[in-house]
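Worksheet: the structure to be examined is printed underneath.
Residue numbers (my numbering), protein chains in the order written: chain D, 249 to 498; chain C, 815 to 1601.
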């Protein structure tokens, strides 16, 4: 049995002033395992992204508890959450969300310099990551000069710079073509293969097949889960996943 | 048109903070500009009004009747066609103070003058406080109103005046408006007593001073008449004329108005830059909207009209607000002036002032809006609707290595990158910061220069001696010049003695030009011994040389090396100009001669005044008492120039003016910073979302914005301090050149500069911190696609 890296207890999130009476996250008890690549799927508006924001400490729950690596995220001040994010969390968005006035390398260094004081080590680490993700030659380019896939890989390097406990990825291939998506997912797979825990929200079946475990999310609750049976990214696995999702009302 | 108005209304509502920033800058420019125009165009009115109402003399001849014959001079003037009336000679006694009142001592030089029935028709006085009477009663004195106001003297108070035999007390029975001595800028001033009262002050044999007033049909005729008078009479006294009284009255206000005008032009440059930046930013923010409007049939001209009309409305509204402020402040100033000199009804030319301000400022603002709005003509509807504003491809900047090489802590390094990325906005904020700190340092420097005048007298045109005194040759036991000079040279406490005398000469500029009557000084010995300096050339050393004050040199079109003809002591001589100097004491007019010139033309000439440079500068007040006690009535010690300025309230007026200006500009600055930080927070909200996700604390996010201001503030301070040291004297030289100072003696107090810099820095940082609270509230949800 793998150790749990992330867990929630009676997690609830509702938005004040929202027309809907039901909470977006509704009394959720769940957990994620260390070194596991977990994929969350569900219909639009089901609360997947909100869950990701709550888990990563970017948003505050209405009630309930969250632990990352045994660190209680709930009832923390903004400052404590920020300090926790530096050490324990990496985030990859649908858009790469790189700071437009910083180079690729600087975008990664900014996150790194929040934690590491050793400039030489940090620069070395950035170069390693860029090399691993195949974008080292682009280190001094500005975000506006990158393709979508390249920008997304840069965002991944930024998420990894502080060796986080878990990486949250919110639709990382949502804005990419299939070729770029494949490269990004291969990168995520490489990262995962080195033991990195990943929690990813996606609508894309192909991307979802890279997950070890797929959670289906509906009305603020995880209604079912499925373990990957076949090869990552293979057509048979994609087909099986599609069938399973259809059964759940996807 | 309705649709254009609707868009303008929506623009104003949606861009409230930017509209307010532009509005405040327009209000400030309008206020400063219209106020300076208002003061410049209005300040002569009260003087002319009181001068005419009281039938004041255009020429006052002050003379000793033993040297000049009052009756023959009066008869001559009466025969001149330009003369309207001539008064009777008034006897006066020069009281060299101090006067004693209940509030203490007044260090003022006063001409105690007998009030005769002559003053019921010419050189009349207006009683502003006290019983309305035809003349002061026995043991009563009438004081000029400004003196009473400055020293809080009330009707009924007793004033003790020093006499040759002690002091004599008078009851203050009225405060009067005296057309010649209403401003407090003419030294000595004048007070009035009942005819025959002068015998209380000195023996009749010593009461030899008389004043003769000549009123002309027009103020333009003064130079003609005085020119002829000087050729006819070998006048040994002093001739004061209309222009001197008027300049003295207007000088402080003109100085303040000049400074306001300079500030208003600088503020206008900032306002134009701000408006241009705001419009260009709006154009880019509403790029898509502009495309939609064009698609709906708006022509490029229609789009330009939107911006031009918007700023026309704003200009009208905010210039009107500024003019309202001007109306209020100008009326306050003029009422204060009117109260002092006793004018009741004054017609301010407000419509003219407002019209000039409106036309000038509106034209500039509308033109700025038009030029900035021309950018909209390049917007192509299809591309604008589909893609919005073209995104600038960020390119690498020189600041790249700041983050890579860890040269700076992360937050300031990121702030520098942000500044480099948006140079235009940074430049606007930097300019506003620079301008404000410049104004503060400029204001501080000017007030310091005035208050430090006593340490820098020579640059202002004054002798550097700590004590200036007059030899009273007419007293029974009086000293001759040689005796007194030798006595002073033997005094251990006196380092050097410079004898001099005030003299009047007439310059004959040549054929077809009017003679110029000039007042100046003749010095015995080396003039530079008195610390006096020239702007160009050297001071005269022999009887055929002269140095001219800058105003006179300009008036005559002369420079060192030229020669001029002059009428001195009744004889025509040719003098070579050896130098040009500056001197504030006579509004840039005058001359400096060697006493040899007068000794040659008048064998009995001898200087009557002495500038004493002391060994112990700090002990000047004690030394004055020592001299007065030792030499008694044989000498009269004059008031220091610094005390005279203090008495005239010039320094305090300047400080108040500059304080108000400083408050104005700091308000604009803080609004600009507030606006800049809020706009930056909005523009960088996505970057802040990314930083927040990466682990920046709320305080760090705020500090990113604050650091930008800290850096801009530091750069502006680094630039403003040397800039203010360099530019302030030049600007002040422009303002004061009509007062005889072309090279303004600018003094800076290091402590003041440090205090101002610290306060400025703290105010900027505090404002940036308070306005940055929005950054800490940014939700990373802004990073979601479609947000």
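Heads up, the beta-carbon is just placed ideally off N, CA and C, and yes, glycines get one too.
Closer than 9 Å to chain C by CB, residue i
i, result
"residue 339 of chain D", "yes"
"residue 349 of chain D", "yes"
"residue 327 of chain D", "yes"
"residue 307 of chain D", "yes"
"residue 400 of chain D", "no"
"residue 413 of chain D", "no"
"residue 362 of chain D", "yes"
"residue 254 of chain D", "no"
"residue 303 of chain D", "no"
CB contact below 9 Å: residue i versus chain D
i, result
"residue 1511 of chain C", "yes"
"residue 1522 of chain C", "no"
"residue 1066 of chain C", "no"
"residue 1072 of chain C", "no"
"residue 1507 of chain C", "yes"
"residue 1586 of chain C", "no"
"residue 1197 of chain C", "no"
"residue 1204 of chain C", "no"
"residue 828 of chain C", "no"
From the options, residue whose alpha carbon lies closest to that of residue i
i, options, result
"residue 884 of chain C", "C/831, C/1052, C/820 and C/1016", "C/1052"
"residue 1518 of chain C", "C/905, C/1224 and C/980", "C/1224"
"residue 914 of chain C", "C/982, C/1067, C/1152 and C/880", "C/982"
"residue 481 of chain D", "D/312, D/432 and D/281", "D/432"
"residue 357 of chain D", "D/493, D/384 and D/406", "D/406"
"residue 395 of chain D", "D/352, D/371, D/436 and D/411", "D/352"
"residue 1396 of chain C", "C/1184, C/871 and C/1551", "C/1551"
"residue 1043 of chain C", "C/1235, C/1262, C/1472 and C/874", "C/874"
"residue 1472 of chain C", "C/854, C/1010 and C/1264", "C/1264"
"residue 1026 of chain C", "C/1511, C/1536, C/1320 and C/871", "C/871"
"residue 1592 of chain C", "C/1296, C/994 and C/1513", "C/1513"
"residue 1408 of chain C", "C/1373, C/1501 and C/1361", "C/1361"
"residue 1547 of chain C", "C/1388, C/1273, C/1300 and C/1298", "C/1273"
"residue 384 of chain D", "D/455, D/354 and D/311", "D/354"
Close-in-space but distant-in-sequence residues of the same chain around residue i (CB under 6 Å, 5 per side omitted)
i, result
"residue 1542 of chain C", "1256, 1259 and 1560"
"residue 1588 of chain C", "1495"
"residue 956 of chain C", "950, 988, 990 and 1006"
"residue 1035 of chain C", "896"
Residue i in three-state terms, based on DSSP
i, result
"residue 832 of chain C", "helix"
"residue 1500 of chain C", "helix"
"residue 1373 of chain C", "coil"
"residue 498 of chain D", "coil"
"residue 1428 of chain C", "strand"
"residue 1600 of chain C", "Residue confidence for residue 1600 of chain C is low, a pLDDT of 49 falling below 50, so the modelled location carries little weight; the figure read from the coordinates is stated next. Correct three-state label for residue 1600 of chain C: coil."
"residue 469 of chain D", "strand"
"residue 1367 of chain C", "helix"
"residue 1152 of chain C", "helix"
"residue 1572 of chain C", "helix"
"residue 1036 of chain C", "helix"
Residue environment, residue i, which counts as buried when at least 16 other CB atoms sit within 10 Å
i, result
"residue 1230 of chain C", "buried"
"residue 1418 of chain C", "exposed"
"residue 479 of chain D", "exposed"
"residue 1303 of chain C", "exposed"
"residue 1564 of chain C", "exposed"
"residue 880 of chain C", "exposed"
"residue 1150 of chain C", "exposed"
"residue 1142 of chain C", "exposed"
Same chain, Cβ closer than 8 Å to residue i, neighbours up to 5 away in sequence not counted
i, result
"residue 496 of chain D", "464, 466, 471 and 472"
"residue 1403 of chain C", "1332, 1333, 1363, 1365, 1366, 1369 and 1554"
"residue 1489 of chain C", "831, 832, 834 and 835"
"residue 1618 of chain C", "Absent from the model: residue 1618 of chain C. The displayed extent of chain C is 815 to 1601, so no value can be given."
"residue 1103 of chain C", "none"
Same chain, Cβ closer than 7 Å to residue i, neighbours up to 5 away in sequence not counted
i, result
"residue 1270 of chain C", "1559 and 1561"
"residue 490 of chain D", "453"
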